[in-house]
Structures are given as C-alpha cells and as structure tokens.
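Heads up, my numbering is the position in the sequence shown plus 24, with the first residue counted as 1.
Cβ atoms here follow ideal geometry from the backbone N, Cα and C, with glycine treated the same way.
These figures come from a predicted structure and were not determined experimentally.
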Amino acid sequence: MNRLRRILLCVVLALLLAVAWFLWSRPKRVDMAAYAPANTLLYLETNEPLAVVQAIVETDAWKLMDKNSEAGWTGQGNRWLRRFIETTGIGPVHTVVLSRAQIAIVVTDLGTIEEGDTLTIKPEIALIIETHTSESRIRSPAEQALKKLAESTYDNPTLRRTLINGVEFVEWRSQGGSRQIVAAIVGSLLVVGNSETAVQRCLDSAARRSPSLKDDANLQRLRRELAGNRNLTFGYVPQEKSAHLLSVAVPLILGRAPGDAGFQKIVSTGASKLLGSISWSSQPFKNGIEDRYLISLQPSFLRQLRPALSPIRSSDGDRRILPEDTYSASYYRFQDPVGAWEGLRTAVSSNIDALSAVVFSSLLKSALRSYGINEPDAFLRAVKGEILTLRVDQNGEHTLVIGGVKDRPAMRGLITKSMKFELESKPADHDGEELFADAQGEMGVSLRNDIIIMGTLSDVRRYSEKVNKNDATEGEEQFRRMTFFAPLSDSSPIVTYTADSDRVRNFISVIMAAGGSPPKEPANFEQRLTQLPYAATETKLVDQGFQRTTRSPLGHFSTLLPLLMPSDRRPTATSPTSR
Numbered sequence: 025m026n027r028l029r030r031i032l033l034c035v036v037l038a039l040l041l042a043v044a045w046f047l048w049s050r051p052k053r054v055d056m057a058a059y060a061p062a063n064t065l066l067y068l069e070t071n072e073p074l075a076v077v078q079a080i081v082e083t084d085a086w087k088l089m090d091k092n093s094e095a096g097w098t099g100q101g102n103r104w105l106r107r108f109i110e111t112t113g114i115g116p117v118h119t120v121v122l123s124r125a126q127i128a129i130v131v132t133d134l135g136t137i138e139e140g141d142t143l144t145i146k147p148e149i150a151l152i153i154e155t156h157t158s159e160s161r162i163r164s165p166a167e168q169a170l171k172k173l174a175e176s177t178y179d180n181p182t183l184r185r186t187l188i189n190g191v192e193f194v195e196w197r198s199q200g201g202s203r204q205i206v207a208a209i210v211g212s213l214l215v216v217g218n219s220e221t222a223v224q225r226c227l228d229s230a231a232r233r234s235p236s237l238k239d240d241a242n243l244q245r246l247r248r249e250l251a252g253n254r255n256l257t258f259g260y261v262p263q264e265k266s267a268h269l270l271s272v273a274v275p276l277i278l279g280r281a282p283g284d285a286g287f288q289k290i291v292s293t294g295a296s297k298l299l300g301s302i303s304w305s306s307q308p309f310k311n312g313i314e315d316r317y318l319i320s321l322q323p324s325f326l327r328q329l330r331p332a333l334s335p336i337r338s339s340d341g342d343r344r345i346l347p348e349d350t351y352s353a354s355y356y357r358f359q360d361p362v363g364a365w366e367g368l369r370t371a372v373s374s375n376i377d378a379l380s381a382v383v384f385s386s387l388l389k390s391a392l393r394s395y396g397i398n399e400p401d402a403f404l405r406a407v408k409g410e411i412l413t414l415r416v417d418q419n420g421e422h423t424l425v426i427g428g429v430k431d432r433p434a435m436r437g438l439i440t441k442s443m444k445f446e447l448e449s450k451p452a453d454h455d456g457e458e459l460f461a462d463a464q465g466e467m468g469v470s471l472r473n474d475i476i477i478m479g480t481l482s483d484v485r486r487y488s489e490k491v492n493k494n495d496a497t498e499g500e501e502q503f504r505r506m507t508f509f510a511p512l513s514d515s516s517p518i519v520t521y522t523a524d525s526d527r528v529r530n531f532i533s534v535i536m537a538a539g540g541s542p543p544k545e546p547a548n549f550e551q552r553l554t555q556l557p558y559a560a561t562e563t564k565l566v567d568q569g570f571q572r573t574t575r576s577p578l579g580h581f582s583t584l585l586p587l588l589m590p591s592d593r594r595p596t597a598t599s600p601t602s603r
C-alpha cells in the first residue's frame, strides 16, 4: 500500500511539474506599442502573424500563383500541433517563432533623397518581432534568414557588424550604399529596419530609455473600440502626426515634388486644426481582406460638416455605363451637391487661419479642375443626383466626370461662356445630344437631356458612343467584378471602385523574389489577374469622423510588403497593355 501511495504521489508530482512547466513555458502576450517610439509617425501591429498568413493564402489573389511555386504555401497544418509548439517551444526554431511571435511595424521618420532632379520620399521603417524565444536560439536562424533576404534583394550586398551601446548591429548594404537592411537582437526581441536610426529608436523605447506609444491613451482606447486584439492587424497614426503626414501627401497628390517646407508648414498648420488621430484594423472578407479606417476629426469641424454631407440612396438601376478599361470609378451621392461643396469649404475655412484657408480652398478647386471644371459652384448648381468620376488609366491622364443635369440652359451657358467651349456637333437622333470642344480640341463636353459628360474629347466621344448603343449586356462582367466587395446600392455617400491589379502584381513579385523563385510570371498570370474583383471603398461620416471601409483582394498588405522588402531584381509581370 505504501508503495502504491509513493507511486501515486510521484505521478501527481510529475503532473504538477508538467503543468507548472507548461504554464512557465507558455509565452505571455506583451503590448507591442511598448517597443514603438512615442514620436512614431505610423504604427501597425499583429499579435497572430500566422492568422495573417492564413488569411492571405486563402484569398483569391494568392491562388494566382502556381501551386508548385516556392511561395505557394497553403498555410494548412495541424492546429493542435501548432498550439503545442507555441506553448512548449518544442520544435524547429522557425516554427516556434512563427507560432509565438508578435509583430509591429513602425515608420519613425519621412526622409527624402535626391535622385537626379527629383526628390523622393524615403521613410525610415522598422519591423519589430517579439519572438518569445531565447536570443541564443534565434540569433543564428534570424541572421541566416536576413542574409538570404539581402542576397535576394540586392546584388552582392556587403556585411558589416558594429557595437552600439553594448548591442551588436548587423547590416547588409547594397552596392553604392543607398539601401540597407539593419538588424539587432536583444533577448527575445528582433528589430529589423532600413536604417540604423530606426532600429536604435525602437531599442531605446524597448529598454525604456525613451518614451513609447504604450503610454498613448488614445491608442489604447481605439484599439479596444476597433477590437484590435481580435482582428488581423491594428494600425494607428497619433493626432500630432496625422497633419504632418497630410502635409507630405498633398504635394504628391498634386504632382508637386515634396520638400517645399513653406507649403508643407501651411498645410500641416491648417490640418492640425481639422484632423485627429487615424486608426484602422483588418480582417478577412469574401476571399479578400477588409481594412476599416477611422479618420478622427476635431469636434467643431465635425459639427459643422455633418449637416452638409447628407447622402442620397442609390440603386443598381442608377448606374452609368462604364468603359471596359476603367481603372477607377467614384460615385458621389449627396442630396445637395452644391450645399455639400459649400458646407465643406465653410467648415474648413472657419476652423483654420486665413492663409491656410486660401491654400485649402485652392486645393478643393484643383480637385475638380482636372475634369475641366473651373467654376465648381456654378457646375454643382446645375447638376442633380449622383455624380460619377472615372479614371480610364492608372496615371490619371484620362478622366471623366458624369452627372445628371438639373438646369440645362444654365449648364449650356457655363460650357459656352465660362469654359469657352464651342459646339462641335448636334446629332438629332440621340436624346438631343450636343458635343462641345475647347479651342485646342483636347477637352470635350457631351450634353444630352439628362446627363453631362466631361473629360478629354476622345474619351467623351467614346463614352457617348457607348451610351448611344445602349447595350445593357455590355460590361456586365466588369460591373460584377467592380461590385463584388460592395454593391452600388450601398448607403455610403462616397463609393470608389479601383482596379487592384498592380498592387497584387507587386505583392506577388516581392513574394517570389524573397522566396528565390525564378523571375517569371506564373502560368496564365495576367489572364487570371484581370479576373480579380476591384477594390471597393465606402466613405461615410460617423460619430468621430470619416470612416473608410476598403475591401480588396489583398488589403493593405499588398502595399506594405513592397515597402518593407524593396527589390532591384523582382520578377517582372507584364501587363497586357504594355505588351
């Protein structure tokens, strides 16, 4: 009996030790914001990278790659085994790290570099990985993986090791030294960046030598509200940085070179009185990815803006005919278009200083000037209902604006007197259509009983021919792909559909380059690429500001990955239009 008791006692003791070991070995989640500098421009985190990988490989975009490709991992596996490896740390080191890791991406600065006569934005980016695995175990595999990445990214990279504040920095530089991959390992933490400064800033925050984003109460609140811990990713731009990012983005949108300090200061000063923080989260959606963004607005600005942006509900029956090669289409649906325009302008002007108001007013007008609209107020008074803008190509050189006509005589006067367009043709058998052109024969306007079409003369003519044909079946496949992620009947006042082929192409080429795949397209790649749905973005005003929900084949991952892994030797995917 005593022997049985001793055996039972040993068994119980062994079980208790095993449970204690499992609890001790199980990694404890950390707040990744503790590793991000407090002055970070942009922050993005994921607490389950395997869930991100799983979501990506289940998208239709990922399935464009050959199943036999080195990048063609399916993400399938024994979930119980993965959970066992995560808890115990028993298994190959790369599997242990993948199952345990938490990851964050930070943009610490927006630098600029001169390349000839152009000034290019070169952000300082760092990838932060909490491996929850000992340094002695991860150092060699991490350095080998980064070496492989450098060799597949740069031609003949050079290796350099330095010691800074007792921490070893490992750096791979491209020929000429214009690009580099810098890494440092401290305990279970791995930081990889494109500059030594970016890596050092993250290490300083991790060691509490400098403040971190963890102390940002607004980040913690938005993370809870957006369920950041349950979604694939959570992102954040602090309020004091959103205006700065806008001041850099505006010149790029206007086609101006960044670096005009005076102009950027004006934009930043004005934007700081309008914008709050920016946050977003992502999750799987219909074999694609949904990214939800919240652009917070200052309370006074939001109160003035709300009455002006009253939407009207659309339906699939209201849709306009679209050219087959449409790159993007944006639907603006406001009850009072000119009221929305004037309300936006008034709300902006009353919340910023006089100089910023002049700049912002010019920016608002320039948004419509590319369509040939020099007098937005007069134009918007003469239209009704839904306004559609089209970009026929990605570069935006060919654009169209289409709207319902409320006051035909007023619209005709605007075209002939203010815009100085001359009547070119007036067919008698197509709904009273009149075609106008400018003196150079470059811009054109088609005016018929119920709609106006403005843009380049060639595009206006082509669109008018399609309307005249009135073929209801033409373009049905394109319309299905455009509205796959969001129906046109959605209640959002602004809905934009954009062809996502180039982002998907870049993402796949980076994956193939990083995996060492031959620089060639997968079989029937371009044909299958054109069958992917358009990205759909719905924009609406909510309690805190603007909410933008984008559903697309790969989400913001298709933009982030090429930024993190630039390559001079990517496989080139040739689009049909360039062949």
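Per DSSP, cross-strand counterpart(s) of residue i
i	result
Y67	V130, Y260
D315	S306, T574
G569	S320
R184	E195
Q204	R197
F460	L447, V469
K564	Q571
D213	Before going further, note that residue 213 is Leu rather than Asp in the sequence given. In the DSSP output, where bridge partners are listed per residue, L213 has E154, V210.
R415	S352, T423
Among the options, nearest to residue i - alpha-carbon criterion
i	options	result
P347	S482, F403, A434	S482
A166	T132, E148, G211	G211
R327	G569, F581, T583	G569
S324	S513, K297, L256, V382	K297
V194	G200, P51, Y178, A174	A174
P181	Q78, L187, G190, R197	R197
I313	N473, W86, R53	W86
I80	D179, G259, L578, P586	L578
N473	T370, K430, A231, I532	K430
D462	S449, K444, Q78	K444
R572	N530, R552, I518	I518
E220	A231, I209, Q204, R233	Q204
G190	Y178, A391, L227	L227
S176	H580, L584, I535, S576	I535
L447	M435, R504, F460	F460
L388	F508, E410, W365	W365
Y317	Y521, K564, V383, R163	K564
S442	T423, A402, D417	A402
Expected contact under 8 Å - CB spacing of residue i and residue j to nearest Å
i	j	result
G427	I475	7 Å
A406	G363	Contact flag wrong, Cβ pair sits at about 14 Å.
S306	D315	5 Å
A60	S229	6 Å
T157	V120	6 Å
G479	S380	G479 to S380, Cβ: 31 Å. No contact.
P19	F508	In the structure as shown, the chain begins at 25 and stops at 603. Residue 19 is therefore absent and cannot be evaluated.
S303	G259	6 Å
A10	V216	Outside the shown range of the chain (25 to 603) lies residue 10, about which nothing can therefore be said.
S352	T520	6 Å
Beta-carbon proximity check, residue i vs residue j, cutoff 8 Å
i	j	result
A510	E562	yes
T350	A222	no
L299	L329	no
L243	V76	no
S236	A62	yes
E154	L213	yes
S515	P361	no
N375	Q322	yes
L88	S123	no
Y355	L412	yes
L471	M506	no
K238	A57	yes
R369	E410	no
Counted within 10 angstroms of its Cβ, other Cβ atoms place residue i as buried (16 or more) or exposed
i	result
H118	exposed
I152	buried
T98	With a pLDDT of only 48 at T98, under 50, the local geometry of the prediction cannot be trusted, and no value is derived from it.
D240	buried
T554	exposed
I188	exposed
Q224	buried
A128	buried
E148	buried
P433	exposed
L183	exposed
A559	buried
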